[in-house]
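What follows is a short report on a single structure.
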Amino acid sequence: MAQRIVSASRVIAAPPEVIFDILCDTTKHALIDGSGHVKAAKTNPGRLSLGATFSMEMKVGAAYTTKNTVSEFEEGHVIAWHHFAQFVWRYQLDAVEGGTKVTETFDYSKPWGIALKLTKMPEQNQVGMEKTLARLDELATTGSIN
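If you count the sequence shown from 1, position 47 lands on 55 in the working numbering, and the numbers rise without skipping.
The structure is reproduced here in structure tokens:
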């Protein structure tokens with residue numbers, strides 16, 4: 009299976025646990041989303057953990073809901089989830105001098121992922137991820153987003 013992955017990284021001047029707590033709170037996902045696609049948490053299971061499921065209200069053209077399952081979880085370091093199509097959104101946090109390096113990855117390596125390439129969605133996701141990391145930075149370092 010071909011690997012189809014896009015990612016973005018940013019060093020944020022905050023400890024990993026502060027950033028990780030934001031990522032584990034589905035009510036913060038729309039706030040930090042840089043793509044404009046994530047509208048609100050439809051369900052809130054509390055703090056995310058391995059195997060947790062949550063639904064998000066989305067809009068890419070038409071409004072829809074995604075049901076996601078946390079598929080990878082290492083406290084303070086890695087969280088990833090996927091929806092029905094098995095595409096994976098993953099965040100890896102690494103402590104570095106001056107803060108935390110956060111890498112957001114979108115993995116659309118499933119065979120049907122080739123269809124996304126035709127829509128330019130991976131390139132759009134790349135831009136959205138860079139904006140998401142900037143918003144995550146602002147929230148983690150100031151406590152709010154302007």
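Cβ coordinates follow ideal geometry from the N, Cα and C atoms, glycine included.
These numbers come from a predicted model, not from an experiment.
Between the alpha carbons of A49 and V78, how many angstroms are there, rounded?
Here residue 49 is taken as the residue at index 41 of the sequence shown, counted from 1. Here residue 78 is taken as the residue at index 70 of the sequence shown, counted from 1. Answer to the nearest angstrom: the Cα atoms are 15 Å apart.
Three or more beta-carbon pairs under 8 Å between the segment 104-119 and the segment 34-53, yes or no?
Result no; under three Cβ-Cβ pairs closer than 8 Å.
When the Cα atoms are used, what is the spatial distance from I27 to T140?
One-based indexing of the sequence shown puts residue 27 at position 19. One-based indexing of the sequence shown puts residue 140 at position 132. For I27 and T140, the distance between alpha carbons rounds to 12 Å.
Would you kindly check if the distance between the Cβ of E138 and the Cβ of A16 is under 8 Å?
Within the sequence shown, residue 16 is the residue found at index 8, counting from 1. Within the sequence shown, residue 138 is the residue found at index 130, counting from 1. Going by C-beta atoms, A16 is nearer than 8 Å to E138.
So what does E65 bridge to, in DSSP terms?
The residue given as residue 65 occupies position 57 in the sequence shown. In the DSSP output, where bridge partners are listed per residue, E65 has A48 and T73.
Could you tell me the alpha carbon to alpha carbon distance between N76 and E105, rounded to whole angstroms?
Start at 1 with the first residue of the sequence shown, and residue 76 comes out as number 68. Start at 1 with the first residue of the sequence shown, and residue 105 comes out as number 97. For N76 and E105, the distance between alpha carbons rounds to 33 Å.
Tell me which same chain residues have a C-beta within less than 8 Å of the C-beta of E83, skipping the five on either side of it?
Along the sequence shown, read from residue 1 onward, the residue named residue 83 stands at position 75. For E83, where only same-chain residues beyond five positions count, the Cβ hits under 8 Å are F28.
Leaving aside the five residues before and after G151 along the sequence, list all residues of the same chain whose C-beta is less than 6 Å from its C-beta, in chain order.
One-based indexing of the sequence shown puts residue 151 at position 143. Closer than 6 Å at the Cβ level, and outside the excluded window around G151, lies no residue.
Excluding the 5 residues preceding and the 5 following R98 in the sequence, name in chain order all residues of the same chain whose CB lies nearer than 6 Å to its CB.
Here residue 98 refers to the residue found at position 90 of the sequence shown. So the qualifying residues of the chain are A88 and T113.
CA-CA distance, G59 and V46?
Locating residue 59 in the sequence shown gives position 51, where the first residue counts as 1. Locating residue 46 in the sequence shown gives position 38, where the first residue counts as 1. The alpha-carbon atoms of G59 and V46 are separated by roughly 21 Å.
Could you tell me the distance, in whole angstroms, from the CA atom of L56 to the CA atom of P24?
Locating residue 56 in the sequence shown gives position 48, counting from the first residue. Locating residue 24 in the sequence shown gives position 16, counting from the first residue. Each residue's alpha carbon lies about 16 Å from the other.
Measuring straight from C-alpha to C-alpha, what distance separates I20 and Y72?
Residue mapping note: residue 20 aligns to position 12 of the sequence shown, counting from 1. Residue mapping note: residue 72 aligns to position 64 of the sequence shown, counting from 1. Looking at the two C-alpha atoms, the distance is approximately 32 Å.
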